[in-house]
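Numbering (this note's numbering), first residue to last: 137 to 335. We treat Cβ as the ideally placed atom computed from N, Cα and C, and that holds for glycine. One structure is given here, and the rest of the page talks about it.
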DNA sequence: TCGATGATTGAG
DNA sequence: TCAATCATCGAA
């Protein structure tokens, strides 16, 4: 498996969000039970694109703040933030040259490696509930603010995105984004159309 | 400072 | 349908 070139993320967030479907999010972390290192991974099956001045729902819409700096910086990095005081969301920073900021929210995974560990981190939930939401993904993969800013294009990092995943052909559909109150008309949510086995 | 809001989840 | 839960950000 290999990681994409940074140029992959130097494109509009819509394109990046769409093409991240089918790629693999990988997390190496310590197993709190056995104290050993474990590799967790899942195929990305749902994403959302967030822009800059063209997107009133984006954290970057009103300009640079202490929180959203990653969206304005080098592309291909993890933007992790706490939402609703309860859950972390993980994004990948992306933007074309002409846009000053952006990110792609990873909303859904098809769990591949380390399902039993994920199950424990998620408190023994059914497999279908392990990573079917942004807050669930970070909980299942032990992702928090410590990973904010991590370079996801470096395969040596404990959090990264791998390409070259073997998958049967699949279609991606675009729909409206979830959980936002502004720019609700944009079709910037991307979903893997065909169902992968979820058990 | 202060208050409103939020890229969610799980329980009832 | 609704509470949990708190960092963030703009306004005061």
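Alpha carbon of residue i to alpha carbon of residue j, nearest angstrom
{"i": "residue 255", "j": "residue 161", "result": "17 Å"}
{"i": "residue 156", "j": "residue 318", "result": "24 Å"}
{"i": "residue 249", "j": "residue 178", "result": "7 Å"}
{"i": "residue 239", "j": "residue 149", "result": "6 Å"}
{"i": "residue 231", "j": "residue 192", "result": "16 Å"}
{"i": "residue 237", "j": "residue 323", "result": "19 Å"}
{"i": "residue 291", "j": "residue 282", "result": "18 Å"}
{"i": "residue 200", "j": "residue 307", "result": "35 Å"}
{"i": "residue 305", "j": "residue 330", "result": "9 Å"}
{"i": "residue 246", "j": "residue 146", "result": "26 Å"}
{"i": "residue 320", "j": "residue 313", "result": "7 Å"}
{"i": "residue 198", "j": "residue 170", "result": "45 Å"}
{"i": "residue 294", "j": "residue 188", "result": "28 Å"}
{"i": "residue 205", "j": "residue 138", "result": "27 Å"}
{"i": "residue 309", "j": "residue 175", "result": "30 Å"}
Proximal residues to residue i (C-beta, below 8 Å), its chain only, five neighbours per side dropped
{"i": "residue 258", "result": "265, 266, 272, 275 and 276"}
{"i": "residue 173", "result": "164, 165, 166 and 167"}
N-terminal and C-terminal residue of the beta strand (DSSP E) that residue i is part of
{"i": "residue 175", "result": "173-186"}
{"i": "residue 300", "result": "Element bounds for residue 300: n/a, residue is neither H nor E."}
{"i": "residue 244", "result": "239-249"}
{"i": "residue 160", "result": "160-166"}
CA nearest to the CA of residue i, picked from the options
{"i": "residue 159", "options": "181, 280 and 269", "result": "181"}
{"i": "residue 269", "options": "284, 237 and 219", "result": "219"}
{"i": "residue 190", "options": "235, 329 and 327", "result": "235"}
{"i": "residue 142", "options": "287, 308, 253 and 316", "result": "287"}
{"i": "residue 223", "options": "304, 296 and 279", "result": "279"}
{"i": "residue 284", "options": "196, 229 and 320", "result": "229"}
{"i": "residue 289", "options": "170, 225 and 210", "result": "210"}
{"i": "residue 251", "options": "225, 263 and 212", "result": "263"}
Identified DSSP bridge partners for residue i
{"i": "residue 143", "result": "Answer is none; residue 143 lacks a bridge partner."}
{"i": "residue 310", "result": "326"}
{"i": "residue 215", "result": "227"}
{"i": "residue 138", "result": "299"}
{"i": "residue 287", "result": "213"}
Nonlocal neighbours in the same chain, by C-beta distance under 6 Å from residue i, ignoring five residues either side
{"i": "residue 153", "result": "183, 185, 240 and 326"}
Residues near residue i in its chain [Cβ-Cβ closer than 7 Å; skip 5 each side]
{"i": "residue 311", "result": "323, 325 and 327"}
{"i": "residue 151", "result": "none"}
Range covered by the alpha helix (DSSP H) that runs through residue i
{"i": "residue 156", "result": "149-156"}
{"i": "residue 259", "result": "Careful: residue 259 lies outside any alpha helix (DSSP H) and carries neither H nor E."}
{"i": "residue 274", "result": "270-276"}
{"i": "residue 197", "result": "Note, residue 197: premise wrong, no alpha helix (DSSP H); not H, not E."}
{"i": "residue 205", "result": "205-208"}
Check: residue i C-beta below 7 Å from any heavy atom of the ligand FAD
{"i": "residue 301", "result": "Absence of the ligand FAD is noted for the structure shown, with no ligands found whatsoever."}
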